[in-house]
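Colleague: Residues 63 to 228 (the numbering used here) are what the sequence shown spells out, left to right. Here you go, one structure.
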Amino acid sequence: MNFEYDIKKILRLAEEKESENREFLIFLQNYDHKKVDKIVHRLGKKYLREYDCLKCGNCCHSLIPSLSHAKILAISHEFNISVEKFKKKYIEKEIPGGYVLKGDSCPFMQEDNKCTIYQIRPEACSSFPHLYKDNINHRLIELLDNSLICPIVYYVLEELKEELLN
Numbered sequence: 063m064n065f066e067y068d069i070k071k072i073l074r075l076a077e078e079k080e081s082e083n084r085e086f087l088i089f090l091q092n093y094d095h096k097k098v099d100k101i102v103h104r105l106g107k108k109y110l111r112e113y114d115c116l117k118c119g120n121c122c123h124s125l126i127p128s129l130s131h132a133k134i135l136a137i138s139h140e141f142n143i144s145v146e147k148f149k150k151k152y153i154e155k156e157i158p159g160g161y162v163l164k165g166d167s168c169p170f171m172q173e174d175n176k177c178t179i180y181q182i183r184p185e186a187c188s189s190f191p192h193l194y195k196d197n198i199n200h201r202l203i204e205l206l207d208n209s210l211i212c213p214i215v216y217y218v219l220e221e222l223k224e225e226l227l228n
């Protein structure tokens, strides 16, 4: 399959289909939840296997995960710096249950879209684009939002519509 890696084109396509997708999400609310999960898991696996995320990296450019104190300990240990230095360099503010990173994109992402903390990255990063989680019917807005960020989600949503509406 030929994939589109130009995130601006994907965003434009997703925005053009936003109204159609919202109607589809209303349709999905009354559809068999387990069947939808099974299809989304299968399609997610297919596209995650075929799509080269390193050619895109938009999730890391546009989403900032929060970090738990335990994750800060692990990353600061990996970088061989104190927690205080880590917080001063990377943390914007503390929030209930965690910390927000500084900047508009992940500071641990390199120019080649590889992650400097890949082995110890936050759960929100390792599970993105969250297509393996159950109860997708309860996370439909997240699915729609992520289709504007992640080409994999865009392709999964398009194929899901194709399967269920035809």
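Note that the Cβ used here is the ideal one computed from N, Cα and C, for glycine as well. Keep in mind it's a predicted model, so treat the numbers as computed, not measured.
For Pro191, tell me which candidate among Glu156, Leu163, Arg111, His131 has the shortest Cα-Cα distance.
Modeller: With distances taken between Cα atoms, Pro191 lies closest to Arg111.
Colleague: Just how far apart, CA to CA, sit Ile157 and Ser128?
Modeller: Their backbone Cα atoms lie some 9 Å apart in a straight line.
Colleague: For Arg201, which residues of its own chain have a beta-carbon under 8 Å away from its beta-carbon, when the five flanking residues on both sides are left out?
Modeller: Here the set comprises His192, Lys195.
Colleague: Kindly indicate the opening and closing residues of the beta strand (DSSP E) around Gly247.
Modeller: Here the chain comprises residues numbered 63 to 228, so residue 247 is not present and cannot be evaluated.
Colleague: List, from N- to C-terminal side, the alpha helix (DSSP H) runs of 4 residues or more that fit wholly inside the stretch 102 to 163.
Modeller: Here the runs fully enclosed are 120 to 124, 131 to 140, 145 to 152.
Colleague: Is DSSP giving Cys187 helix, strand or coil here?
Modeller: It is helical.
Colleague: Report all residues from its chain with a CB closer than 6 Å to the CB of Phe86; omit the five preceding and five following residues, and keep chain order.
Modeller: Same-chain partners within the cutoff: Lys223.
Colleague: Output the distance between the C-alpha atoms of Lys133 and Ile126, rounded to the nearest integer angstrom.
Modeller: Between Lys133 and Ile126, the C-alpha separation is close to 14 Å.
Colleague: To the nearest angstrom, how far is it from the Cα of Phe148 to the Cα of Ile182?
Modeller: Between Phe148 and Ile182, the C-alpha separation is close to 15 Å.
Colleague: Do Val98 and Asn199 count as a contact pair if the criterion is CB distance below 7 Å?
Modeller: Cβ distance < 7 Å, so Asn199 and Val98 count as in contact.
Colleague: Roughly how many angstroms separate the alpha carbons of Arg74 and Lys107, rounded to a whole number?
Modeller: Cα to Cα, Arg74 sits roughly 24 Å from Lys107.
Colleague: Using the rule of at least 16 other Cβ atoms within 10 Å of the residue's Cβ for burial, across every protein chain shown, is Leu116 buried or exposed?
Modeller: Result: exposed.
Colleague: Identify the continuous alpha helix (DSSP H) that holds Lys79 and give its terminal residues.
Modeller: Counting along the chain, Lys79 falls outside any alpha helix (DSSP H), and DSSP gives it neither H nor E.
Colleague: Output the distance between the C-alpha atoms of Glu220 and Phe65, rounded to the nearest integer angstrom.
Modeller: The straight-line gap from Cα to Cα measures roughly 13 Å.
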